[in-house]
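I have placed the structure first, in the form of structure tokens, so that the comments after it can refer back to it.
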Amino acid sequence: MENIVEIRNLYKKYQLGDLEIFALKNINMSIKNGEILAIMGPSGSGKTTLLNLIGCLDTPTSGKIYINGEDITELNKKELVKLRRFYLAHIFQFYNLIPFMTAIDNVELPMLIAGKIKKHDRLKRAEYLLKIVGLNKRIYHKPDELSGGEQQRVAIARALANDPLLILADEPTGDLDEDTGIKIIKILCDIIKKERKTLVMVTHDSMIASFASRILKLKSGSLIED
Ligand SMILES: Nc1ncnc2c1ncn2[C@@H]1O[C@H](COP(=O)(O)OP(=O)(O)OP(=O)(O)O)[C@@H](O)[C@H]1O
Ligand SMILES: [Mg+2]
């Protein structure tokens, strides 16, 4: 399959009482396997909404989203959970690590939930992933014993745990200073290329977006460039 994501005539409308907000209006786009795509646009333009729809965290008002050829708008809850678990991973602006768990336990957790590999192999893989992101000396640190950049590296390692096809990152460097942000995005993009994954990242920062192979721009819920 050449395109990991295909989006056709996608609309997302939020209804707040009488107020209708069209967060996304007739989005048509595809994302190729192996691509590093940056989504940019002003605040409120629909970036997070689009990322969350691709990530099956929300459902569209109308239109179609295909992931790896599968129409996700036709899947039931159980099928969506399965698809998310084995195909997709998220990286958030504020890391979203479990605060009382060490780095290695945080990275192990998605593997534990997926229930496919044994404890010993899970820990070995978690250790390996933390090494890839340069945190082999921090594996027993808890999130509050790590810097912001280190926490985001744990989150990157965690995102890779179940070997997803597609990684979705919503302003992954938004809470970091520029130098750290660039360091983190370099690590992330290197892994994406080496492991032949696909990355979609939302960013406000054109320096960060310059690491992408393509940039899409949203304005008031519509795509303005492809
Ligand atoms: N749950 C919701 N209910 C109602 N309106 C919403 C909801 N979520 C988002 N919106 C509206 O949809 C539009 C798009 O929001 P979205 O979060 O996708 O923007 P964004 O581009 O990610 O902005 P930012 O750069 O500030 O994160 C905004 O006008 C927002 O107010
Ligand atoms: Mg957003």
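Each residue of the sequence shown is one higher than the one before, counting from 130 in my numbering.
All C-beta atoms in this analysis are idealised placements derived from N, C-alpha and C, irrespective of residue type, glycine included.
These figures come from a predicted structure and were not determined experimentally.
Distance between residue j and residue i (C-alpha atoms, nearest Å)
i: N235; j: I242; result: 11 Å
i: S335; j: T178; result: 20 Å
i: D304; j: F340; result: 18 Å
i: L153; j: G278; result: 32 Å
i: L295; j: V329; result: 8 Å
i: I201; j: Y269; result: 38 Å
i: V183; j: K348; result: Note on identity: in this sequence residue 183 is Ile, with Val being the wrong assignment. If I take the Cα positions, the gap works out to 18 Å.
i: K266; j: K260; result: 8 Å
i: S351; j: I344; result: 14 Å
i: I285; j: M230; result: 16 Å
i: E300; j: G192; result: 25 Å
i: I316; j: N155; result: 34 Å
i: Q281; j: D306; result: 12 Å
i: A338; j: D308; result: 14 Å
i: I320; j: L258; result: 10 Å
Chain-order list of residues whose beta-carbon lies under 8 Å from that of residue i (same chain, five-residue window excluded)
i: M240; result: I246, R251, R254, A255, A290 and N291
i: E149; result: K142 and Y143
i: P228; result: K271, P272 and D273
i: P293; result: F215, Y216, L217, A218 and K326
i: F223; result: D304
Cβ-based neighbour list, residue i, same chain, cut-off 7 Å, excluding 5 preceding and 5 following
i: G163; result: R325 and T327
i: T190; result: Y140, K141 and K142
i: K176; result: I168, G170, V331 and L347
Cβ-heavy atom distance, residue i to ligand 1, below 7 Å
i: Y143; result: yes
i: G173; result: yes
i: A152; result: yes
i: G92; result: One cannot answer for residue 92 here, as it falls past the ends of the chain, which runs 130 to 355.
i: K176; result: yes
i: G198; result: no
i: G163; result: no
According to DSSP, residues forming a beta bridge with residue i
i: S351; result: K348
i: M158; result: I136
i: Y143; result: I150
i: R343; result: L166
i: S331; result: The sequence given here has Val at residue 331, not Ser. In DSSP, V331 forms a bridge with I168 and D299.
beta-carbon residue i near ligand 2 non-hydrogen atom, thresh 7 Å
i: D299; result: yes
i: V331; result: yes
Contacting residues, own chain, Cβ-Cβ under 6 Å from residue i (five flanking each side not counted)
i: M356; result: The question about residue 356 has no answer here: the residues shown for the chain are numbered 130 through 355.
i: L180; result: L297, D299 and V331
Check: Enumerated in chain order, which unbroken segments of the beta strand (DSSP E) with a length of 3 residues or greater are wholly contained in the segment 292-328?
Finding: 295-299
Notebook entry, point to check: Taking only runs of the beta strand (DSSP E) that begin and end inside the segment 190-223, which ones reach a length of at least 3 residues, in chain order?
Noted result: 191-196 and 217-220
Notebook entry, point to check: Going along the chain, which unbroken runs of the alpha helix (DSSP H) with 4 or more residues stay wholly within the segment 163-189?
Noted result: 176-183
Next item on the list: Kindly provide the ranges of any beta strand (DSSP E) runs that are 3 or more residues long and lie completely inside the segment 267-295, ordered along the chain.
Entry: none
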